[in-house]
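Working notes, structure below.
Protein chains: 4
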Amino acid sequence: MTTTVGRESAVEAARVLAPAFASRAVSYDRDASFPVEDFADLRAAGLLGLMVPTRLGGAGAGFADYADVAMELAAGNGATALIFNMHASVTGALALTSDEMARAVGAPESYFAMRDRVLAAASDGALYGVAMSERAAGSRLSQLETTYRPDGDGWRISGVKTFCSGAGHADAYLVAARAIDDQAKVSQFLVAAESPGIAVTQTWDPLGMRATASNDVSFDVVVPPDALVGGIEGLGVLLAQVMPQWLVASYSAVYVGVAQSALDAAVSYVDGRGLGRLPAVRARLGRADAGVAAARAVVREAARRVDAAPGHPETNRWVWRAKLLAGETAATVAASMLEACGTAAMRRGNPLERLYRDARCGSLQPATSDVCADWLGLAALGKDPENDAEVRRW
Amino acid sequence: MTTTVGRESAVEAARVLAPAFASRAVSYDRDASFPVEDFADLRAAGLLGLMVPTRLGGAGAGFADYADVAMELAAGNGATALIFNMHASVTGALALTSDEMARAVGAPESYFAMRDRVLAAASDGALYGVAMSERAAGSRLSQLETTYRPDGDGWRISGVKTFCSGAGHADAYLVAARAIDDQAKVSQFLVAAESPGIAVTQTWDPLGMRATASNDVSFDVVVPPDALVGGIEGLGVLLAQVMPQWLVASYSAVYVGVAQSALDAAVSYVDGRGLGRLPAVRARLGRADAGVAAARAVVREAARRVDAAPGHPETNRWVWRAKLLAGETAATVAASMLEACGTAAMRRGNPLERLYRDARCGSLQPATSDVCADWLGLAALGKDPENDAEVRRW
Amino acid sequence: MTTTVGRESAVEAARVLAPAFASRAVSYDRDASFPVEDFADLRAAGLLGLMVPTRLGGAGAGFADYADVAMELAAGNGATALIFNMHASVTGALALTSDEMARAVGAPESYFAMRDRVLAAASDGALYGVAMSERAAGSRLSQLETTYRPDGDGWRISGVKTFCSGAGHADAYLVAARAIDDQAKVSQFLVAAESPGIAVTQTWDPLGMRATASNDVSFDVVVPPDALVGGIEGLGVLLAQVMPQWLVASYSAVYVGVAQSALDAAVSYVDGRGLGRLPAVRARLGRADAGVAAARAVVREAARRVDAAPGHPETNRWVWRAKLLAGETAATVAASMLEACGTAAMRRGNPLERLYRDARCGSLQPATSDVCADWLGLAALGKDPENDAEVRRW
Amino acid sequence: MTTTVGRESAVEAARVLAPAFASRAVSYDRDASFPVEDFADLRAAGLLGLMVPTRLGGAGAGFADYADVAMELAAGNGATALIFNMHASVTGALALTSDEMARAVGAPESYFAMRDRVLAAASDGALYGVAMSERAAGSRLSQLETTYRPDGDGWRISGVKTFCSGAGHADAYLVAARAIDDQAKVSQFLVAAESPGIAVTQTWDPLGMRATASNDVSFDVVVPPDALVGGIEGLGVLLAQVMPQWLVASYSAVYVGVAQSALDAAVSYVDGRGLGRLPAVRARLGRADAGVAAARAVVREAARRVDAAPGHPETNRWVWRAKLLAGETAATVAASMLEACGTAAMRRGNPLERLYRDARCGSLQPATSDVCADWLGLAALGKDPENDAEVRRW
């Protein structure tokens, strides 16, 4: 069993790891390869059990704790933090759904044993990935082409997933699929990585966040009955709607960390070259500082509310605001910091070169900034943005 | 004696007053006249004693309480909130400076009696104004042309002040002046409005925030010895540096209120005309919603820190961030809301017409946005922005 | 007969008038009153005949000439230039429609005599206004509530128009109306101001462009047969589509003039106060300079193409680009120039105070910036933006 | 001798080549290698002789012709166009400096033979590079560490240059150096690539514009007397000041081409995926279309004026405006186009992935956008931006 970090010390543990992550970021970014050493560090520090209840050996963290940890990790390497975010989404969603709520949506008793087993494994160092998006459907659950059907007393899942962060390195994947005979029924399964019928294709070669190694994964697997998350079919869309923190905005914290990292890198560069005497450079640093502070304050307010009133309409508005602002701030700040530093900062090896590419990804990850703006506009008008939008979100 | 509101109920009291302020805003704006009725309401609600300690009959509020109250008042009428802000700056700076700190900078015992008298009067409904800026010097204290010199056992103050919010309606003015024989010595005096030698000139006819009635005031007055704030000369610049919350950013809260008000007005207008079906309009509302939320979160974080660690360098950074973001957000949001609503919203009488003009003022009030950006850039570089800037701030 | 300016000397004539317009702008703005003296000057300079063919006593100008003149006039007073623009739209549309095109759409011979009479009157100093918009319909021709029906051998027109620039001061109005028995048939009539049944209501009290005196006008008039523009019914929407320069973008040139004027005012203010030593101020001036130059270049390119290939799809794209950029540039530049100059520039009487309000109007006048962006997006995708939009434009 | 294109047909020749450039861009970008095939195409098409007078076998193009050609080439591959730009700068500066001007600054008769030889070689397919920037000095000529001194009847040049586009592939380099005994004397030499003492170091691995292969080059070479450009020493800074088109803004045209290419790629992607039904996507395309059109119009206006009135203060203002707007437009458009297309467009191989990186480089190449803004601000204030700036430009 690995050392488990405490809830109080998790942020400090993350802060300690960040410099090593930063020093390795260049090579993982170059190769678009999974940050093996970073995850060895996270495992050793007990951070894979961050969201796991203490009774199961974890740190028992809440969403706000997660957000603070993610901002620190991302200041080291945003890609590592994004993979960690997927793991935290799986463990966090399981850990923070109360027994009452699980029963209310119909979870059978068998669900609780499965849940505890999954969470206990995380505090022992298991890593979970998410296999939701598809090339054609994107993240719209209602359009998924991956299907499931009963097979023996379990299920057979068939389809190809994309943007699967940590593919090939996770111990299990949360796979979203549609019932083969009822397109409206979307369910989630936790599929062990060693199951026969899983294949990772090395398709990942993107602009930024390259070390997430978000390769394509094809599934043609049979899973046992309790692999069905929640124990009943059809919870997929509901979960997305009531827990937007995990699908919409858990990576907001990551992009705040990336933005902070870009500001820090620029300050260091400017300071080392004596460029701080230039007023235009100071103005760029000052405006970036204010922007990062604002994004951080919003992510923290959203996270605080997720803990205090999860699923509440006002909480969800903060979640979507956090997504919009974190993504736009990261891109804007990184672009401006390059202008503050000049052409030499564009050389590979300079952290800003990578951060500029990483930072662009936030607004593009679903929900995109344009979708967030529409959601928030509907909410401001007193509508129900989940159901009143012209285009289905999930 | 007026009813005194409690610290806990002050925000609610402000929220109750706001609609009446809003309904009167059109005519005060048109006439650029002091909002007499709004201040009668504030007095009756006991809000003039907001910052006064409970032992002197006030609400004993802290800076964060003030910020919440100011945001609510400003959602009714930003100009009223700006005048209130000046009053709160005077009473708040007196109330929140500890006896220890006052003694540490050399305040004589006589200071404490004067302070208590001034504060007790506020809880009885006295209104204080600030007479700091001058046409040539702006808000740079080191450039003031208003002078003071000993006169009998008191002081004689001579000069002309501008941007004096509430001129002609305050019961006393906080006047900044330089010693006639030592330009480096800037002191502040509390001058009773009924003193002979005070004249208000009706010069106020600006773009926005018209109801502040910030007319010019000329002083040629003799004041008693204890009118000298702090009881010793030369504290003027020091106060500005250690309490930037009152000089730099207390009106940040006001502009968040103005921005919120612009968003609310647009939502109401859009809803009434069925314009919410237009995606471009929804996107404008959604982005404005996120922007206002961010500015509010930053103002609150700054205010919280002012209470917890006043004068701390990190606190001061949040104060300057709040000033920058509140001013820019208000202007950006108001401009976009006009675009969301269209030409009809430009007619006088439509709240957005006034809010667009009011909102532009925030970034221009000192410290301007460009000055804030420079201050924050220096701070990000680890410099001391008060003393390392190329141009003196005060 | 007034002096008629030549095509070559028209721009110079406009440049000569601008300073006098600027000096009178404060009072016309304050009173929201028609700039009587400016139009006396325009009439005396022969500029009301700008678009009139030389054979009818005019200057025979093209659209590019108009744009250059309008930029100069607007640098004096944007509101005056907007009224002038309406007059130029009426005379320009009549003058620049070739006899061939008029016959092609079915104009009877009687149309040509009417056209020549109207144009000749303009070179004698007649001023034409446009009465198109309505409170409910805005500028969507298909939604107009003003109707017309046959009356004797002429027509009876009934309805209330809004945003009628120069109301009460024009010699005739171009009135858009729908056939009472066929909502799809929109026609335009030229209605003499002295006709019985026209009443101007003083409703005009807006944020900016106040001196356009764009009051409401109610019509219940009978007009002779040849008042029907084009001589046949139903040309209204067609004209809007094939000549977007007059409905969409003729005032683009006005807003470039306003933006230039804001930059010039700021340069003068900054220079007078020695603020040019501040790098942040210089940066604002520099970026404004580039922005105004770009908007001017686009307006000129659009105007050049209107003359060379009127109605061509590529020409129309430039027309819509000009509308989008001129409106956004004016608003952005004026807002930034206020920040460059500081609080003192917000006092009424300072040109920037007025220019900031005037400049905001451009993006809001139809087609709004959001509508332009959509139109241009459709065009970029190879669609027909007039007919493929989800919402009808006219 | 290669085929020489005519002045009129050069733009069409460039347009024909662009698609092949685009198809090869992925691999040259990946490898950060010189686009050998693109330059074989340019040579075969006679475009290396674009700026060479017809009497020497070239096309006799002017600056506006160059700008049009560069926009077309850059729409294929911006990096290829940047290398071409360096070649055009050398040949264009030589070709477009009149004999009178050359004699006026003191050029001896021997200069003219050298000039004609260099230009004739270009029309035969010789490629010229520029070796100006250095790691410490950047592009500030007055700070160069590369020196020259007399050596026999020629010169010895020693130093290390960076950002040398096309290093290792040019036939000769234009090298800027300072006199070893007079730091104020900056001269330029044309150094044959086969000269002993030139070494290229493979240091080039940047964010964008990777195929420029702008590696470091060290020089320790002896050159003949007529290698001194202009035939007299000390012309370096003067040339930069009087011909800013070649040092400041010749690559403005390149970035307009890059911006256009990003828009075209997005239109194609959006169209292929049916994303044009989303209003937010259309709005992004529409605003990008207007922005690119504006930047193109400004670059063309600047180019037109360079031909008509080279070196005139008003011409130079347009040149700096073009630099500012082209760089900012490219970066803004490419970033927005990625948001229009979504995550899939971030995959390497999608043109937008590369264009986003390439587009960021424009504002950072000297003169940076912040420097341009300052220059333009000074010019707007009626100052001489070359000599009144606080920091020396060259």
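Chains as they are written, first to last, in this note's numbering: chain A, 2 to 395; chain B, 2 to 395; chain C, 2 to 395; chain D, 2 to 395. Where is the CB? At the ideal position from N, CA and C, for every residue including glycine.
Distance CB(residue i)-CB(residue j) smaller than 7 angstroms
i	j	result
D:VAL223	D:GLY155	yes
C:SER159	C:THR213	no
D:VAL238	D:VAL192	no
A:ALA108	A:GLY235	no
B:ALA368	B:VAL249	yes
C:ALA360	C:ALA323	no
A:VAL6	A:GLY47	yes
B:ASP371	B:LEU379	no
A:ALA303	B:GLY287	no
D:ASP217	D:THR202	yes
C:ALA417	C:PRO352	Residue 417 of chain C lies beyond the stretch modelled for chain C, which goes from 2 to 395, so this question has no answer here.
B:ASP206	B:ALA33	yes
D:ASN86	D:PHE22	no
Cβ-based neighbour list, residue i, same chain, cut-off 6 angstroms, excluding 5 preceding and 5 following
i	result
B:SER269	none
D:THR330	ALA260, GLY292, ALA296
D:MET2	Confidence is the limiting factor: at D:MET2 the pLDDT is only 43, short of 50, which leaves the residue's position unreliable, though a coordinate-based value still follows. If we look at D:MET2 and ignore the five residues flanking it on each side, its Cβ neighbours are ASP125.
D:ASP42	LEU18
C:ALA89	MET52, TYR67
Straight-line Cα distance separating residue j from residue i
i	j	result
D:VAL299	C:ALA295	6 angstroms
D:THR55	D:ASN317	27 angstroms
D:ARG8	D:GLY61	6 angstroms
D:GLU340	A:LEU365	6 angstroms
B:PHE190	B:ALA263	37 angstroms
A:VAL282	A:VAL27	26 angstroms
C:ARG25	D:ARG16	53 angstroms
C:GLU195	C:SER215	18 angstroms
B:VAL176	C:GLY350	28 angstroms
A:ALA103	A:ALA114	13 angstroms
D:TYR256	A:TYR357	19 angstroms
A:LEU382	B:HIS313	40 angstroms
D:TYR112	D:PRO226	10 angstroms
Interface partners of residue i on chain C, CB under 7 angstroms
i	result
D:GLU340	The contacting residues do not exist; D:GLU340 stays about 13 angstroms from chain C at best.
Cutoff 7 angstroms; reference residue i; Cβ partners in own chain excluding five residues on either side
i	result
C:ALA96	MET52, VAL53, PRO54, LEU120
C:ASP308	GLY63, PHE64, ALA65
Amino acids of chain A, ordered along the chain, whose beta-carbon sits closer than 9 angstroms to that of residue i
i	result
C:ALA284	PRO280, ALA281, ALA284
Bridge partners - residue i, DSSP secondary structure assignment
i	result
A:SER159	A:THR148, A:ASP221
D:PHE190	D:VAL176, D:LEU229
B:ILE199	B:PHE220
Proximity test, Cβ basis, 7 angstroms: residue i and chain E
i	result
A:GLU195	Structure shown: chain E not included; protein chains present are A, B, C and D.
Cut-off 8 angstroms between Cβ atoms - residues of its own chain near residue i, not counting five sequence neighbours on either side
i	result
A:ALA137	GLN144, GLU146
Chain D residues whose Cβ lies nearer than 8 angstroms to that of residue i
i	result
C:ALA295	ALA295, ALA296, ALA298, VAL299, ARG322, LEU326
Proximal residues of chain C, C-beta to C-beta of residue i below 8 angstroms
i	result
B:ALA75	Here the premise fails: no neighbours, minimum Cβ distance about 18 angstroms.
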